[in-house]
Every structure is written in C-alpha cells, then in structure tokens.
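What follows is a set of notes on a single structure, which appears directly below.
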Amino acid sequence: EVSNSELKQANEELAAKAELLAQINSKTMLTSLQNTKEIDAIKEQIGGAE
C-alpha cells in the first residue's frame with residue numbers, strides 16, 4: 001500500500017513536470033508565431049505585394 005507521503009511526493013513531482021511542460025508549450029507557441037511572421041515577411045519579399 002502506498003503511504004500518504006509517497007502520494008504527496010509523486011503529486012509534487014507530477015505538478016513540477018506539468019509546470020515544465022506548460023512552459024515548454026508556451027515557448028513553442030511563441031516560436032511558432034514568430035516563425036509564421038518571418039515566413040510571411042519572406043513571402044512578401046519574394047513575391048512582392050501579393
């Protein structure tokens with residue numbers, strides 16, 4: 001049987017991992033947005049004002 005302290009520890013570890021994943025997700029979304037802006041700018045330079 002698992003003790004309360006073991007469950008608490010596991011819960012804290014999962015919470016920390018969830019926080020890290022949220023940070024990674026946020027950074028990924030920002031990078032994706034920046035990439036989209038850069039791609040649009042490059043398309044405009046290549047194709048003119050289409």
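Oh and the sequence shown: position 16 is 16 in full-length UniProt numbering, straight run, nothing missing. Don't be surprised by glycine CBs; every beta carbon is placed ideally from N, CA and C. Just so it is clear, the structure is predicted and the values come from calculations on it, not from any experiment.
Item to check | Through-space distance from Gly48 to Ala22, alpha-carbon basis | outcome: 38 Å
Checklist entry - Going along the chain, which residues of its own chain have a beta-carbon closer than 6 Å to the beta-carbon of Ala10, five neighbours each way excluded? => result none
Item to check | Cβ neighbours of Ala16 in the same chain (closer than 7 Å, five flanking residues each side left out) | outcome: none
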